[in-house]
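A.B. asks: Please read through the structure below; I'll follow up with questions.
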Amino acid sequence: MTTQTLTLDELLAALGTPERLPALKGMRRGIERETLRITPTGELSQQDHPRALGSALTHANITTDYAEPLLEFITPATDSIDTLLEQLGDIHRTAVRHMDDERLWPLSMPCFVGGEESIRLAEYGSSNTGRMKHLYRRGLKLRYGSLMQVIAGVHFNFSMPESFWCEWQALACKECCSQRFISEKYMGLIRNVYRFGWLVPYLFGASPAICGSFLKGRETKLPFETLGEGTLYLPYATSLRLSDLGYTNSAQAGLNISHDSLPAYVASLRRAIQTHAPEFSRLGVKVGGEYRQLNDNVLQLENELYAPIRPKNTPRGGEKPSDALARRGIDYIELRTVDVNPFSPIGIEADQIRFFDLFLVWCLLRPSPVLSDEEMARNRRNQTKVVLEGRRPGLMLETGAGEQSLKEWGLSLFDELAKVAALLDASCGRRNRYAATLEALRPRLEDPELTLSARLLRELKTQNKDNACFGRELAARYRDELLASPLEYWDEEYFAGEARDSLLKQREIERSDSLSFDDFLADYFGTAMA
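Residues in the sequence shown are numbered from 20 upward in steps of one, following my numbering.
And the structure:
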């Protein structure tokens, strides 16, 4: 394969010509938003997943994540930001209309949790597939406890249109496999997100405080300060969700998942799935005839890998995610470092989406050499600094050339992002929409008090208000707003039909099972991974 490497400026100039600009139209985005169902008094719901919302196993838009009350709202991929937000809003409106007096918790870090046993694991029916999903969650509970698993976030799914890939491939190389080229470039995007992804929690992190019940006596060396009756916070934190209090797995520290290429990534992920973890082996897999976890490997399933960004290709018919990637390449990427925005009733706003467009296209087009172990460790240290003390005045981050202040580095990155903003604005014909978004966010680098995390802490501190009280008030307000507003994209019949059809699909899956659960698991994990 003969490849021509272009600088960012050269690539932007080439893509910005009148004949190539239309190829940039059609970026596709999807959102997965997690949120807990809570009671009016701010406690975790103990009720079943509402039957009027259909089957959590098979519904296209409304399912559950780890826990029965942890809803996950899923939009289809679309090339319109307006449509995306209308769809996400409709899913929220439909959910609250079928939740009786329950509300949606508006923060990433959970509400008051009475204890591990107060968190109900999600149920998916009696089929082998449903039982496997439930058992996977039982294994997570046994391995890490349930508190970590009820943290909520927003996952942003993103892909570029085929027309774009055709133009870039023509510019970059003379003869190469199209899908291999696409996967190679998406892996470069992922590496750059590891390099510069600290920008996301700095700008949009919204979890600087937690309910004291979240620690439940666990030891921590973090210098928490207190608010109200039971809120703990770090004065300069941006996203405790992304800290060691949140999604961490010490057993994964030595996995060394490779991002050098898609084949290397898949191979290292498969090794992780097949690597026994002594600490998990001691827990047992099937004890007294009852399963405790799917297996005793470092990862029970590939989804157990806690990564800030993932390459994705939708599995087909029971296919493993790594097999889908190996067979068909990367179709889209999933950015997973986005906190729920508490100042939006649907957890995310249009300017955030436009920034993610900008940031991910920039990460895609910018040269992205392979990450060394030293650079990967440096990236992790930078991320940790930003999530724990990102708003500290004068905070220094590590670069390959030495230390640089977060502010100076961030402003220099925004100068590069502005070039991408000009390209995207020209391609979509929307006058300065992306440039305006960038300029609206730039002051957050100059003044950390403008970030979401600072805004949230300010709300709590000015009134000496607990996280729980703040969350309850927002949840009640958003419930009223959602109930009072009409559906915008879909109609009620769509959701009624999807609920009805999803229940029928679940029953059909349960009727069609022909294997025992033991044989089903053996077949799933024993299938050769081509």
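Glycine included, each C-beta is placed from N, C-alpha and C at the ideal position.
Could you tell me which uninterrupted beta strand (DSSP E) segments, each at least 3 residues in length, are contained entirely in the region 150 to 230, listed from first to last along the chain?
C.D. replies: Within the region 150 to 230, the complete beta strand (DSSP E) runs of at least 3 residues are 173 to 178 and 228 to 230.
A.B. asks: Taking the straight line between their C-alpha atoms, what separation do you get for T257 and E29?
C.D. replies: Rounded to whole angstroms, T257 to E29 spans 35 Å at the Cα level.
A.B. asks: Would you call the CB atoms of T58 and A141 closer than 7 Å?
C.D. replies: No, the Cβ-Cβ distance between T58 and A141 is not below 7 Å.
A.B. asks: What number of angstroms, rounded off, separates the C-alpha of F378 from the C-alpha of D537?
C.D. replies: As the crow flies, the alpha-carbon of F378 is around 45 Å from that of D537.
A.B. asks: Between the beta-carbon of A473 and the beta-carbon of R411, is there less than 7 Å?
C.D. replies: No; because the gap between Cβ atoms is not below 7 Å, this pair is not in contact.
A.B. asks: Going by Cα to Cα distance, which pick from Q525, P361, E121 and G134 is closest to S165?
C.D. replies: Closest option to S165, Cα to Cα, is G134.
A.B. asks: Which residue spans inside the region 279 to 321 form an unbroken alpha helix (DSSP H) run of at least 4?
C.D. replies: 281 to 292 and 297 to 300
A.B. asks: Indicate whether the contact test is met: 3 or more Cβ pairs, each with one atom in the region 45 to 63 and one in the region 90 to 101, closer than 8 Å.
C.D. replies: Taking a contact to require three or more Cβ pairs closer than 8 Å, the region 45 to 63 and the region 90 to 101 qualify as touching.
A.B. asks: Within 10 Å of its beta-carbon, does Q371 have 16 or more other beta-carbons around it, so buried, or fewer, so exposed?
C.D. replies: Result: buried.
A.B. asks: At 4 residues or longer, what runs of the alpha helix (DSSP H) sit wholly inside the region 438 to 521?
C.D. replies: 452 to 460, 462 to 465, 471 to 481 and 486 to 503
A.B. asks: Rounded to the nearest angstrom, how far is the Cβ of S280 from that of M206, given a contact under 8 Å?
C.D. replies: 6 Å
A.B. asks: On the DSSP bridge list, what partners appear for R411?
C.D. replies: Note: R411 sits in no beta bridge, so no partner.
A.B. asks: Report the CB separation of C230 from T250 in whole angstroms; it is logged as a contact under 8 Å.
C.D. replies: Confirmed, about 6 Å.
A.B. asks: Helix, strand or coil, according to DSSP, for R237 in the structure here?
C.D. replies: coil
A.B. asks: I think S202 touches I349, with their Cβ atoms under 8 Å apart; what is that distance to the nearest whole Å?
C.D. replies: 4 Å
A.B. asks: Taking 7 Å as the CB-CB limit, is E121 close to chain B?
C.D. replies: The structure shown has no chain B; it contains just one protein chain.
A.B. asks: Return the CA-CA distance between G149 and I352, expressed in angstroms with no decimal places.
C.D. replies: 26 Å
A.B. asks: Rounded to the nearest angstrom, what separates T24 and M395 at their Cα positions?
C.D. replies: 23 Å
A.B. asks: Once you ignore the five residues that flank E105 on each side, which residues in its own chain have a CB closer than 6 Å to its CB?
C.D. replies: E507 and Y508
A.B. asks: Nearest to A96 by alpha carbon, out of P364, D434 and N332?
C.D. replies: N332
A.B. asks: Which value, in whole angstroms, describes the spacing of the CA atoms of L416 and F374?
C.D. replies: 22 Å
A.B. asks: What residue from L253, F131 and N147 has the CA that sits closest to K480's CA?
C.D. replies: L253
A.B. asks: Where do the ends of the alpha helix (DSSP H) carrying V380 lie?
C.D. replies: Run containing V380: A369 to L384, per the alpha helix (DSSP H) assignment.
A.B. asks: So, G517 versus G144, is the Cβ gap smaller than 7 Å?
C.D. replies: The amino acid occupying residue 517 in the given sequence is Glu; Gly does not appear at that position. Not a contact, by the Cβ cut-off of 7 Å.
A.B. asks: Keeping to the same chain, check which residues put their C-beta closer than 6 Å to that of T36; ignore five residues upstream and five downstream.
C.D. replies: none
A.B. asks: Tell me whether T21 sits in a helix, a strand or coil according to DSSP, three-state version.
C.D. replies: For T21, the pLDDT reaches just 42, beneath the cut-off of 50, and the residue's location in the model is therefore unreliable, although a value from the coordinates is still provided. Looking at T21 - three-state DSSP - the assignment turns out to be coil, as it is neither helix nor strand.
A.B. asks: Which same chain residues end up closer than 6 Å to R461 when comparing Cβ atoms and leaving out the 5 residues on each side of it in sequence?
C.D. replies: Correct list, in chain order: F433.
A.B. asks: Excluding the five sequence neighbours on either side, which residues of its own chain have a C-beta within less than 6 Å of the C-beta of L464, listed in chain order?
C.D. replies: K426, G429 and L430
A.B. asks: Grab the span of the alpha helix (DSSP H) containing S355 for me, first residue to last.
C.D. replies: One detail in the question is off: residue 355 reads as Arg in this sequence, not Ser. Segment Y351 to V357 is the beta strand (DSSP E) holding R355; no alpha helix (DSSP H) there.
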